[in-house]
Structure formats: structure tokens, C-alpha cells
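Residue numbers (the numbering used here), protein chains in the order written: chain G, 733 to 955; chain B, 1290 to 1554.
Here a beta-carbon is modelled for each residue, glycine too, at the ideal position from N, C-alpha and C.
Quick caveat, the model's predicted, so the values are computed rather than measured.
Down below is the structure, laid out as C-alpha cells.
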Amino acid sequence: MSLKGSLTPWGPLKAMNPLSPMSPLRLYARSRALPAALAALAGTAVAAAWAAHWLVSLPAFDHTARLPVVVFGPLLAAAAIGTGLHTPSDELDRTAVRAWWPRRLAHLLGATVLAVALLALAVPGHAEAFGAPAAVRNTLGLAGVAAAGAALIGARLSWLPPVLFVGGVYLAAPGEPGGAADWWAWVMQPGPQGGSWTVAVAAFTAGATLYAWRGARRATAAS
Amino acid sequence: MNPSATVAVTGLTVRHRRTVALDALDLSLGPGVHGLLGPNGAGKTSLIRVLATVAAPSSGRVELLGTDSAGHGERTAIRRRLGYLPQEFGYYPAFTVREFVAYVAWLKEVPADRAPAAVERAVRRVGLGDRIDARMKTLSGGMVRRAGIAQAIVNEPELLLLDEPTAGLDPEQRVEFRALLRELGTRATVVVSTHLVEDVAAACTDVALIEAGRLAFQGATAELVALGGEPAEPGGSPTSAVERGYTTALRAHRGPTGRARESLR
């Protein structure tokens, strides 16, 4: 195989013109309803930016009031990424000549990088307290949890594990950062806490590996 | 085993949790159209899915197109030359027929410069040429099935596996489809799983009959017809010779114990 022929997980680079209606990349994106997922990510980022701005502008609050934004913005983004891993043509996809894992990994990484960038821009300033670093960490970690969910219970329900986790932790986490909560309540930490980053990166690595290896679990059992 | 066989299966066993779908099945198929018959739950779909390389056997050896399908590299080479219509196949509903078939052409690595023509040819062959730019979700059940057949033949496969391809086709479409099958069978090995015995009589050169995960009968369609013999009761139910042959072969395979079980019902 020539170098040109192996440049992208979707095929030769010269066939990748996204404007051509029959380009593989475009067909793949449409088969996964990627335009809708991208719109959901953009909408989430805009809503998060607006909410952060509004909370900080309230007279009784300052930038530390952005906690809900850096938790629920990434949660919505993770849900959009996870459900975007759904494929309606699972049985036909299994007959593909090429291995799926590079495409799965590229899909997940691409969507996560975009979500991370958008949400980092949504909470400018005060990096140490619920700013861009916390948004990046939470998006990364929750996207990993959603990807693992897609592999284990199916892409359609992949939003469920991150929602249950965030719901539980949001109610149970202590008010002060640090200590053991760094690890188990990593989404609630203001920013630079090392333990929270370790857990988030580990969650993404594990989730991405699991999804790339197994793919989304099929929705209906094979007869 | 016949060295020229496109499909050579030995001791193939497939288990789903605690049930055995295929039980040490031996089967060898060469070019032509093979009807895969059997009662519901006999293991037809399990066999087709293993042959399509989408399901792994629990044990046994599966040789497709001259290579063992257990190896990763071999499987890749096989898939390029394989066509598969699943019994139920999903598709992105907003795809047009052209996009749907092009998507599969891409999965099968049909070269990009040849793909557009291959897609149009496959769609024309199943008689959907006038609906090629219609969205999949606007098609009737029979048209979706034909789009499914089009995706299965887009890469001009040497081994074509069709699971219940005539479900949802009206009688006229079935007649056209059988003609297409005969045409495809001149060059490729076509395996058609069906529960419609008349499809087999009209389009298949050979028949394999599966019952409870085992091969009950294999031979030319004419042999199965001959097995049917003359109608038992003149003026009785108008069953065709091939249907009687099907029943005779099944009963012979079930043997005395099976017959005893049947008489108890």
C-alpha cells in the first residue's frame, strides 16, 4: 500500500474532498449523524459561555460560582459525543475490509478535542477556580466515561453512566477541595488538583481504549 | 473435501449462551446458487453470519475462497470478495440509495475511481435505477430489501450471502430477483437462506437443508424434487414436488426418534 493510500483511517487522502457528496469521510460522518453531534457540541458551548457570564455578573456571586457550568457543560458535551458513536448499520459495518479501531479512535479523539476546545473558551479567566482547566479536565474525563458506556451498554445509552456519576458526586462532594475528594469527586475540583487530573486522564484513556477495541455494543442481541 | 469449493466448513459449531445453533456442521459449496433451507431456528442465520465473517464460530474450521477465515489478514482479503445481505440491516435513514450503496462500497474498499459506476450498476441491477436519489426512509419494504441486495453485490463478490432476500418482495419482484440470482450464480457462489421452498425450486441449482444445527440433506434441487415423488393423495392439498421433497428429507433426517416425538404431539 502506498503512503498516500494509508494517510487517513477513511482511505486515501486524495479521496477525502469533503465537498464531494460521495467522499468516504462525508458518508461516514452522515452515517453517524455527526453534523447533529457537532451542532449539539456548539450549542452546549454557547449555552455554557452564556451561563458562566450570567452567573459571574450576578451581584452576590463571583467566578467561583461557575462550578455548575464546568460540570454540566462537559456533561452535556460528553452525552453528545457518546450518543454520536451510535451506528445504525452495525451488522454491515462488521463486514468492512479494514479494521475499525483507527476510525473509532479518530472519531472519538476528534470529537473530544473539539469539545475540549469549545468548553475551554466558554469559561475565560480565573484558571485556578472553575475556569478553563476544570472545563478541559471534566470534558476529557466525562467523554471517557461516555465512551466506556458506549462500549458496555450501547451508544444510545452512553449518556447514562456520566449522568449517574455526576448526579451522585454533585450531591455528595464536600464543599472544600482536596483530600480524598480529589480522586472520587474529580469533577467538582476547582482546577489544578493533581488527583482529579489523574483520574480524568485515566478515565479518558480507559474509555477510549475500550471503545476503540470493542466498538459500541450492539443494541439488539444477534439471533 | 473438494479443493475447488468456495465454502468449506468442517465441524462448525456455534453456541449462543446455552443453546447450540450449529452442531459440528460439515458443508462444502462451489459456484452456483445454493438454497439454504430449514425450519425456523435451524441455524441458517448463524451459518450465514459465520460465513460472512461477522460472527466467530465456537469451534470448527471455516475456509472461504480458498483461505482459512480464522486469520486476521486472510479475513481482510476474504471480505473484499464477499457480499452479505443480513436478515435485518440498519442504515442511516437520511441516506439516499446511492449514498447507502456507496457507503458499503467504501467499506468493501472498492477503488474510489470505480465506485460511482459500481454503485449505479448495482442499483440498476436490482431495478431501483429510477429511485437511486430517493432517501432510504421514503422507500417501501421491498425497495429497502432491493437496496440491501444492491449493497451486497456492489463489489462484484465471488461469495454472496443472502439471508432471507425475498422477504417483503412482491411476486413480480421475486420473479425478477430469481433471474438476477441465476445470473449472479454463473460466476459467483451464491448462498440464499430462505424459508420459501418455491424460491429454491425456481432459482437454485443446489440445496442444503439444515435442521437443528446439522445438515439434513445436500444435493441438486432436482434430487430434492425427486425425493418428493408423486402426490400421496390425488386431489389432496396441492403441494409442489419440491415441498414434498423438503418434508421427506426432514423426516428422514429426524429418524425414528424424531417421528416418535412428532406423533406424540
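Backbone secondary structure at L1553 of chain B - three-state DSSP: Because the pLDDT at L1553 of chain B is just 47, under 50, the model does not fix this residue reliably, and the value given afterwards should be weighed accordingly. Residue state, collapsed to three classes: helix.
Touch test, the segment 774–782 of chain G against the segment 814–828 of chain G, Cβ-Cβ under 8 Å, three pairs minimum: The answer is no - the segment 814–828 of chain G does not touch the segment 774–782 of chain G, with fewer than three Cβ pairs under 8 Å.
Min CB distance T1365 of chain B to chain G below 9 Å: Taking CB atoms only, T1365 of chain B has a neighbour in chain G less than 9 Å away.
Assigned secondary structure, I1421 of chain B (DSSP; H/G/I helix, E/B strand, else coil): If DSSP states are grouped into helix, strand and coil, I1421 of chain B belongs with coil.
Pick from B:A1404, B:R1434, B:A1441 that is closest to T1455 of chain B, judged by C-alpha positions: Among B:A1404, B:R1434, B:A1441, the Cα nearest to that of T1455 of chain B belongs to B:R1434.
Minimum Cβ-Cβ distance from A1404 of chain B to chain G less than 9 Å: Judged by the 9 Å Cβ criterion, A1404 of chain B is in contact with chain G.
For Q1376 of chain B, three-class secondary structure by DSSP: It is coil, neither helix nor strand.
Nearest residue (CA-CA) to V1531 of chain B, options B:G1502, B:A1497, B:G1544: With distances taken between Cα atoms, V1531 of chain B lies closest to B:A1497.
Closer than 9 Å to chain B by CB, R946 of chain G: The beta-carbon of R946 of chain G is placed no less than 9 Å from the nearest beta-carbon of chain B.
P741 of chain G at chain B interface by Cβ criterion, 9 Å: Output row for P741 of chain G: interface = no.
Sequence ranges, alpha helix (DSSP H) only - wholly within the segment 1378–1407 of chain B, length at least 4: Here the runs fully enclosed are 1386–1396.
Chain-ordered chain G contacts of K1397 of chain B [CB-CB under 8 Å]: Chain G residues near K1397 of chain B: T827, A828, V829.
Residues in the segment 1379–1392 of chain B having any Cβ partner in chain G nearer than 8 Å: Along the segment 1379–1392 of chain B, going in chain order, the ones with a CB nearer than 8 Å to a CB of chain G are G1379, Y1380, Y1381, P1382, A1383, F1384, R1387, E1388, A1391, Y1392.
W782 of chain G beta carbon near the ligand GTP (any heavy atom closer than 8 Å): Because no ligand of any kind appears in the structure shown, any question about the ligand GTP cannot be addressed here.
Beta-carbon proximity list for R802 of chain G, same chain, < 7 Å, skipping 5 on both sides: Note that residue 802 of chain G is Val in the sequence shown, not Arg. Counting only Cβ-Cβ distances below 7 Å, and skipping sequence neighbours, we find V855, F862, A866, A867, N870.
Under 7 Å by beta carbon: chain B residues contacting P820 of chain G: Contacts between P820 of chain G and chain B, judged by CB atoms closer than 7 Å, involve G1379, Y1380, Y1381 in chain order.
Bounding residues of the alpha helix (DSSP H) (the contiguous stretch that carries V1443 of chain B): Note, V1443 of chain B: premise wrong, no alpha helix (DSSP H); not H, not E.
Cutoff 9 Å: T1342 of chain B Cβ touching any chain C Cβ: In the displayed structure, chain C is absent; the protein chains listed are G and B.
Residues near V1399 of chain B by beta carbon distance below 7 Å, same chain, minus five either side: Answer for V1399 of chain B: A1407, V1443, N1444, listed in chain order.
Cα-Cα separation, S1348 of chain B to W915 of chain G: Computed Cα separation, rounded: 45 Å.
Sequence-distant residues of the same chain with beta carbon closer than 8 Å to T1342 of chain B, five excluded per side: Taken in chain order, the residues that qualify are L1353, S1358, R1364, I1367, R1368, L1371.
Given 8 Å, three or more beta-carbon pairs between the segment 943–952 of chain G and the segment 875–890 of chain G: Remark: three or more beta-carbon pairs, one from each stretch, lie closer than 8 Å, so the segment 943–952 of chain G and the segment 875–890 of chain G are flagged as touching.
Neighbouring residues, chain G, relative to Y1373 of chain B (Cβ below 7 Å): What Y1373 of chain B touches in chain G: T827.
S1348 of chain B: first and last residue of the uninterrupted beta strand (DSSP E) it sits in: Note, S1348 of chain B: beta strand (DSSP E), 1348–1353.
A934 of chain G burial status per 10 Å Cβ neighbour count (16 or more: buried): A934 of chain G should be labelled exposed.
Length of the line joining the Cα atoms of F1389 of chain B and Q1376 of chain B: Approximately 17 Å, taken between the alpha carbons.
S1464 of chain B, buried or exposed, once every other Cβ within 10 Å from all chains shown has been counted against 16: The question names Ser, yet the displayed sequence has Val at residue 1464 of chain B. Here V1464 of chain B is exposed, its C-beta having fewer than 16 other C-beta atoms within 10 Å.
Interface residues of chain G facing R1410 of chain B [CB-CB closer than 7 Å]: The premise fails here: R1410 of chain B is roughly 15 Å from chain G at the closest Cβ pair, so nothing lies under 7 Å.
Through-space distance from G1362 of chain B to Y1535 of chain B, alpha-carbon basis: Near 39 Å, if we compare the C-alpha coordinates of G1362 of chain B and Y1535 of chain B.
Chain-ordered chain B contacts of P756 of chain G [CB-CB under 7 Å]: Residues of chain B with a Cβ closer than 7 Å to the Cβ of P756 of chain G are, in chain order, W1395.
Alpha-carbon to alpha-carbon, V898 of chain G and P922 of chain G: Using only the alpha carbons, I get a separation of about 15 Å.
At least three beta-carbon pairs within less than 8 Å, the segment 752–772 of chain G to the segment 1379–1389 of chain B: The segment 752–772 of chain G vs the segment 1379–1389 of chain B: in contact.
Three-state secondary structure (DSSP) of G823 of chain G: In the sequence as displayed, the identity of residue 823 of chain G is Glu instead of Gly. Here E823 of chain G sits in helix by DSSP.
Backbone secondary structure at F862 of chain G - three-state DSSP: In this structure, F862 of chain G counts as coil in the three-state DSSP scheme.
Proximity winner among B:F1506, B:A1501, B:A1541, relative to A1331 of chain B (alpha-carbon distances): Taking only the C-alpha atoms, the option nearest A1331 of chain B is B:A1501.
Chain-order list of residues whose beta-carbon lies under 7 Å from that of D794 of chain G (same chain, five-residue window excluded): Cβ contact annotation for D794 of chain G (same chain, cutoff 7 Å, sequence separation greater than five): V788, in chain order.
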